[in-house]
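First up is the structure itself, then whatever we jot down about it.
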Amino acid sequence: LGQLRRETSPEVNAIATVFLALSVVLVTAFYFVNRRKP
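Note that the working numbering has the sequence shown beginning at 27, numbered continuously upward.
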(Lines of atoms letter the chains of each structure in order from A and count residues from 1; the text may use other names and numbers.)
(Lines give C-alpha, C1' and ligand atoms only; values in the text may rest on other atoms or scores of the structure.)
Protein backbone atom coordinates (compact mmCIF):
# COMPACT_ATOMS: atom_id res chain seq x y z
CA LEU A 1 0.00 0.00 0.00
CA GLY A 2 2.79 2.44 0.91
CA GLN A 3 4.63 1.76 -2.34
CA LEU A 4 1.46 2.14 -4.42
CA ARG A 5 0.57 5.37 -2.64
CA ARG A 6 4.06 6.77 -3.19
CA GLU A 7 3.83 6.09 -6.94
CA THR A 8 0.42 7.75 -7.41
CA SER A 9 0.98 10.53 -4.85
CA PRO A 10 1.44 13.42 -7.35
CA GLU A 11 -1.70 12.55 -9.33
CA VAL A 12 -3.81 11.94 -6.21
CA ASN A 13 -2.45 15.16 -4.70
CA ALA A 14 -3.41 17.19 -7.78
CA ILE A 15 -6.89 15.62 -7.98
CA ALA A 16 -7.48 16.18 -4.26
CA THR A 17 -6.34 19.80 -4.55
CA VAL A 18 -8.65 20.40 -7.53
CA PHE A 19 -11.65 18.87 -5.74
CA LEU A 20 -10.85 20.81 -2.57
CA ALA A 21 -10.66 24.09 -4.50
CA LEU A 22 -13.90 23.28 -6.36
CA SER A 23 -15.75 22.49 -3.13
CA VAL A 24 -14.49 25.72 -1.53
CA VAL A 25 -15.61 27.75 -4.56
CA LEU A 26 -19.03 26.05 -4.56
CA VAL A 27 -19.55 26.63 -0.83
CA THR A 28 -18.49 30.28 -1.18
CA ALA A 29 -20.80 30.79 -4.17
CA PHE A 30 -23.78 29.23 -2.37
CA TYR A 31 -23.01 31.34 0.72
CA PHE A 32 -22.99 34.60 -1.26
CA VAL A 33 -26.10 33.64 -3.27
CA ASN A 34 -28.05 32.78 -0.12
CA ARG A 35 -26.85 35.94 1.63
CA ARG A 36 -27.84 38.16 -1.30
CA LYS A 37 -31.48 37.02 -1.17
CA PRO A 38 -33.77 39.39 0.81
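Ideal Cβ positions, reconstructed from N, Cα and C, are used throughout, including at glycine.
Everything numeric in this text was worked out from a predicted model, so none of it was measured.
Query                                                                                                                             : Result
Measure the C-alpha to C-alpha separation of residue 44 and residue 61 and round it to an integer number of angstroms.            : 26 Å
Measure the C-alpha to C-alpha separation of residue 41 and residue 58 and round it to an integer number of angstroms.            : 26 Å
Determine the direct distance from the alpha carbon of residue 64 to that of residue 36, and round the result to whole angstroms. : 45 Å
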